[in-house]
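Residue numbers (this note's numbering), protein chains in the order written: chain A, 115 to 247; chain B, 115 to 247; chain C, -2 to 78; chain D, -2 to 78. We put the CB at the ideal spot given by N, CA and C, even for glycine. Take a look at the structure set out below.
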Amino acid sequence: MSATVRIIDGALGNPAPALPPAAQFGAAIVFDGVVRADEGGRTIRALAYEVYEPMASNMLTELGREMLAKHGLVAIMVEHSRGEVPVGQRSFRLTVHALHRAEALAAVGEFIDRMKRDVPIWKSALDEAPTAS
Amino acid sequence: MSATVRIIDGALGNPAPALPPAAQFGAAIVFDGVVRADEGGRTIRALAYEVYEPMASNMLTELGREMLAKHGLVAIMVEHSRGEVPVGQRSFRLTVHALHRAEALAAVGEFIDRMKRDVPIWKSALDEAPTAS
Amino acid sequence: MVFRVLIFGSLAHELSCASIAVDVPDNASVRDVNEALAASHPHKATFFRGARLAVNHSFRSADALLRAGDEIALVELVGGG
Amino acid sequence: MVFRVLIFGSLAHELSCASIAVDVPDNASVRDVNEALAASHPHKATFFRGARLAVNHSFRSADALLRAGDEIALVELVGGG
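Put into structure tokens, the structure is as follows:
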């Protein structure tokens, strides 16, 4: 059982190309949060994330460990961007390995709900540059 | 909105290395089903999947379209193995793109429950080769 | 009419065959096939009577009528993890 | 004791600052800081009175006492997304 947390400057890269073959889990979920062009009705070019450290990493780790224990996960990995992430790029990734799909899905939903509520990360919309007209 | 279904001989390869940047979705989930060493209490070396075609592909496509409409997804992709898949390898992958995480998670859970119940795919356990002792 | 009902998975392993032949009257329904399967395998009669049959790759109601040449498959899934 | 309460996100943008100084008595509690913030920004008094404060990177109860040098941050999240 392991909980891993990484805060990354800017957009996240691609997911790890392959899960290692692992006979002990039956379900793997990779959840990617992608910056959308439409933020509360207006068109943006990017989101900027402020991360209050080390509190944010501490809480993500604690939340990951809580999910591991509560849902009996095999592993949980969290990546979150800090700073500017352009529209269409990923700012958050949660990877969960579990024996069965039910606990993997439950853990993903609960982790994200709790993160949004409790972990000190703020986002601000960066507006589209005015067109030169 | 698109629903894509692929039946693949043997274990699935790695996920597509990158989602294309796409400003229109906010959540992407990749769910991988992995063959576990423990199948109902006994140790196996592989699972063999029988797929009744074209009924299985037809039903997966129909189910994908139903999830697209019901949950307002942007896209859904299904890959399922046919034939032998060794322990630790992936036999099923569901990729869902949606505006928000709630509908993406709901669609993944419902799709898999329905698939297990209705889509004509059967698995058989292949036992570990007896050790030469 | 004689149909060869396709079977799969653990049922096929258990019975060591890939299909079961049933002989039903002309204008037989899906239910008649279930009953014929049950009659031919008395020790599994309850299972066969309740099993879902697909006709030409779609599920059909018990009352649906069959025609010569229809492809019938027993689609009973265990579900599971 | 004077504390500089760190603020973030849209609140920081709105107030055009990154922290708010509050002056509270020795042996002040977390609640006293909330009250001091409310008093200094009457138009947002309700928000500041109810806002969660982290002390040295952990959430604390309203009754927890503060010591000089504690790092205080206003951690009020909008959620969403």
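Length of the line joining the Cα atoms of residue i and residue j
i, j, result
"S55 of chain D", "M169 of chain A", "7 Å"
"L12 of chain D", "Y166 of chain A", "18 Å"
"A239 of chain A", "G147 of chain A", "15 Å"
"A15 of chain C", "I235 of chain B", "15 Å"
"R196 of chain A", "M191 of chain B", "30 Å"
"S7 of chain C", "I226 of chain B", "21 Å"
"F139 of chain B", "A36 of chain D", "43 Å"
"R204 of chain A", "G154 of chain B", "38 Å"
"E224 of chain A", "V144 of chain B", "17 Å"
"V149 of chain A", "A183 of chain A", "30 Å"
"G124 of chain B", "I122 of chain A", "36 Å"
"E68 of chain C", "R207 of chain B", "29 Å"
"V72 of chain C", "A42 of chain C", "16 Å"
"F5 of chain D", "P129 of chain A", "29 Å"
"L219 of chain B", "M181 of chain B", "11 Å"
"P172 of chain A", "L187 of chain A", "Sequence check: residue 172 of chain A is Asn here, not Pro. In a straight line, the C-alpha of N172 of chain A is about 19 Å away from that of L187 of chain A."
"E217 of chain B", "G202 of chain A", "19 Å"
"A25 of chain C", "E242 of chain B", "45 Å"
"E164 of chain A", "E164 of chain B", "50 Å"
"D23 of chain D", "R179 of chain A", "37 Å"
Sub-8 Å separation of residue i and residue j beta-carbons
i, j, result
"V(-1) of chain D", "A18 of chain D", "yes"
"A160 of chain B", "V199 of chain B", "yes"
"L177 of chain A", "R120 of chain A", "no"
"H185 of chain B", "A141 of chain B", "no"
"V21 of chain D", "A33 of chain D", "yes"
"A70 of chain C", "V2 of chain C", "yes"
"T175 of chain B", "A117 of chain B", "yes"
"V210 of chain B", "V222 of chain B", "yes"
"K237 of chain A", "A162 of chain A", "yes"
"R231 of chain B", "L50 of chain C", "no"
Neighbour-count burial assignment, residue i, 16 or more Cβ in a 10 Å radius
i, result
"L126 of chain B", "buried"
"H10 of chain D", "exposed"
"H194 of chain A", "buried"
"D39 of chain C", "Residue identity check: residue 39 of chain C is Pro in the sequence provided, not Asp. By the 10 Å Cβ count, P39 of chain C comes out exposed."
"A65 of chain C", "exposed"
"R215 of chain B", "buried"
"G77 of chain D", "Residue placement at G77 of chain D is poorly supported in this model, since its pLDDT is 46, which falls under 50; the coordinates still yield a value, given next. With fewer than 16 other Cβ atoms within 10 Å, it is exposed."
> Using a Cβ cut-off of 9 Å, which residues of the region 0 to 20 of chain D contact any Cβ in chain A, in chain order?
Replying inline: Within the region 0 to 20 of chain D, the qualifying residues are L3, F5, G6, S7, L8, A9 and H10.
> If we count Cβ pairs, one from each stretch, closer than 8 Å, do we get three or more for the region 39 to 46 of chain C versus the region 59 to 70 of chain C?
Replying inline: Fewer than three pairs of CB atoms, one per stretch, sit closer than 8 Å, so the region 39 to 46 of chain C makes no contact with the region 59 to 70 of chain C.
>> Using a Cβ-Cβ cutoff of 8 Å, what residues of the region 35 to 53 of chain D are near chain A? List them in chain order.
In response: Hits within the stretch, in order: A51.
> Name the residues in the region 184 to 207 of chain A whose C-beta lies less than 8 Å from a C-beta of chain D; which are they?
Replying inline: none
> Taking Cβ-Cβ distances below 9 Å as the criterion, which residues of the region 228 to 241 of chain A are in contact with chain B?
Replying inline: none
> According to a CB-to-CB cut-off of less than 8 Å, which residues of the region 160 to 184 of chain B neighbour chain C?
Replying inline: Under the 8 Å Cβ criterion, the region 160 to 184 of chain B contributes E164, Y166, P168, M169 and N172.
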